[in-house]
Amino acid sequence: MGIIYENNTRKNMLLYKLVIQYTTYSVRCSLSPAGYRHLDNILVRLNWLYNQALEERKTAYAERKETLRLYDQHKWLTGLRARNEQGLGEIALGPARGMLKRLDEAFQSFFRRVKAGQAPGFPRFRPLSRCVTIDLTKISGGTVKPRGGHYELQVKGFPRIRLYGSRELPDAVAKSVRLTKRGRHWEASLVYAVERAALPASVKAVGIDLGVRKRMTLSNGKRYQRATRDRRRKRRLQRAVARCRKGSQRRRKRVRALARFQRREFVRERNACHRATTEIIRDYGLVAVEQLQVAKMTRSARGTEEQPGRNVAAKAGLNREILSQNWSLLRRQLEQKAEWAGREYVEVDPRYTSQDCSRCHARNKPRAAETYRCRACGLVEDRDVNAAINILAAGVIAAGASTWAVGPCVAPESYARAA
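Under this note's numbering, the first residue of the sequence shown is numbered 17, with each subsequent residue one higher.
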């Protein structure tokens, strides 16, 4: 998306310009009963194409030591469509090429892991149960059309698909369209290039402490409540699945019920993160966040047979709570929104931010209490707010600016001592 603005630290001048942001609109699909069956039949054809393309690649290398590329398989697909094998000639070219591109991306990931010395994970043949996505390429102006209060998706060989969403779609040609089957329903994700202007300039700065007891604590004292999950209902649904015989119709119904519950929880938490991050980006010109290694922090403490871990159950519970707060999603949303909004986003080293005093920078070992007490200067502050203030001070130094309004929580002379 490019640079949104340039920051001159001497004059504190922000030069704004319009940027192109790729925005995804998720809408629900509505089809007739025959349309649902038709779309499922298309999934069967595309899944066959994926497996045949994988077999072609394996055979070419095993017999002729030849590595097939994506465009080689595009030519191979042309022959399949000319012979109308599996009815591929009856549907548009875009969905078939989208499936070949998905296979090519799987091979590119395989080669990347091999070069990095990781577990290779060679692409596998896929059962129909794992084929739930249709990628549409070669989008034209007539693919998505407004139709009296809703939109229609028109693709050759596809049934009539009506699209319903809470937002009006842009008056432009979509860059890509993806149809995803979630349970018995379908959802469409449409990507548009939207022209956005940066938000009005703001000299206010904020530091954010990510936590478990509170999802986020800002340096001005504002808190965002932690995410809560209905673990009892999830456990009840999981036990209902475990009691069913594999392959039975009842088990499939229970699996769908569990998937619907998990999808609703995911959407609710994603929307909560969007509301919080949008509010922060609108209010502050500089956002400082601690650079946490979430993957390492949530690593299992089980250990090995020779060196078994300690407090495994407690660590597993902590890992579960950390993952429930969606720290990585929050940071990613803040970074992306700061880019198009003309804000400055920095990640700082989190070490000792919870131990250092935000007033005198003396290092204390805080206890389990929520109150931070400095033995050097006598500061009494909420421990999360104290950490957020330290993060803000480090973020202002990292940004290299001296005109950010940090609020009454931090004295300006503390920056010089911190540096």
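Built from N, CA and C at the ideal position, the CB exists for glycine as well.
In the DSSP assignment, P175 falls outside any beta strand (DSSP E), carrying neither H nor E.
Between the beta-carbon of A122 and that of P139 there is about 4 Å, and that keeps the pair under the 8 Å contact cut. The C-alpha of A78 lies about 23 Å from the C-alpha of N63. A distance below 8 Å separates the beta carbons of Y38 and K191.
In this structure the segment 210 to 218 does not lie against the segment 380 to 393, because fewer than three pairs of beta carbons, one per stretch, are closer than 8 Å. Distance check between R229 and each of T244, V130, N327 places T244 closest, using alpha-carbon atoms only. It is roughly 15 Å from the alpha-carbon of I405 to the alpha-carbon of Q307. Setting aside the 5 residues that flank it on each side, P324 is surrounded in the same chain by R318, each with a C-beta closer than 8 Å to its C-beta; the list follows chain order.
The alpha-carbon of W92 is positioned some 11 Å away from that of R73. In the assembly as shown, C45 is a buried residue. Its beta-carbon has 16 or more other beta-carbons within 10 Å.
Contact between the segment 362 to 369 and the segment 289 to 309 is present, with at least three C-beta pairs closer than 8 Å. Non-local C-beta neighbours of Q349 in its own chain, meaning closer than 7 Å and more than five positions away in sequence, comprise C289, H290, T293, ordered along the chain. Note on geometry: alpha-carbon atoms of L345 and D400 lie some 20 Å from one another. Non-local beta-carbon contacts of G51 in its own chain, meaning distances under 8 Å to residues more than five positions away in sequence, involve P175, R176, I177 in chain order. Separation of the CB atoms of R249 and F282 is rounded to 14 Å, and the pair is thereby denied contact status at 8 Å. Residues G114, R194 of the same chain have their beta carbon placed closer than 6 Å to that of D151, with the five preceding and five following residues left out of the count.
Per DSSP, I155 lies in no beta strand (DSSP E) and is assigned neither H nor E. The segment 232 to 286 is shown to contain whole alpha helix (DSSP H) runs of 4 or more residues at 247 to 258, in chain order.
The C-alpha of D225 is placed about 11 Å away from the C-alpha of R347. Taking C-beta atoms under 8 Å as the contact rule, R242 and R231 qualify, at a distance of about 5 Å. Taking the Cα positions, K220 is about 7 Å away from L302.
A Cβ-Cβ distance of about 4 Å is found for the pair V148 and K197, placing them in contact under the 8 Å criterion. I407 sits away from K353, with the two beta carbons spaced by 8 Å or more. Within the segment 111 to 156, the runs of beta strand (DSSP E) that reach at least 3 residues and sit entirely inside it are, in chain order, 149 to 152.
Collapsing the DSSP output to three states places T83 in coil. In this structure, the straight-line span from the alpha carbon of H90 to that of D56 is close to 24 Å. With 16 or more other Cβ atoms from the protein chains shown falling within 10 Å of its own Cβ, C373 counts as buried. According to the DSSP assignment, A329 belongs to the alpha helix (DSSP H) that extends over 328 to 340.
Beyond the five residues adjoining it in sequence on each side, R183 comes within less than 8 Å, by CB distance, of Y41 in the same chain, given in chain order.
In this structure, the beta-carbon distance from L104 to R146 does not fall below 8 Å. Membership of E203 in the beta strand (DSSP E) is indicated by the continuous run 201 to 212.
Within the same chain, L119, P139, F141 come within 7 Å of L70 by CB-CB distance, once the 5 residues on both sides are set aside. When the five nearest sequence neighbours on each side are left out, the beta carbons in the same chain lying within less than 7 Å of the beta carbon of Q170 are those of G158, T159, K161, in order along the chain. Leaving aside the five residues that flank R375 on each side, the residues in its chain whose CB is nearer than 6 Å to its CB run, in chain order, C393, L395.
Between L334 and W202, the C-beta spacing is not below 8 Å. Straight across, the Cα-Cα distance linking V271 with N100 is about 35 Å.
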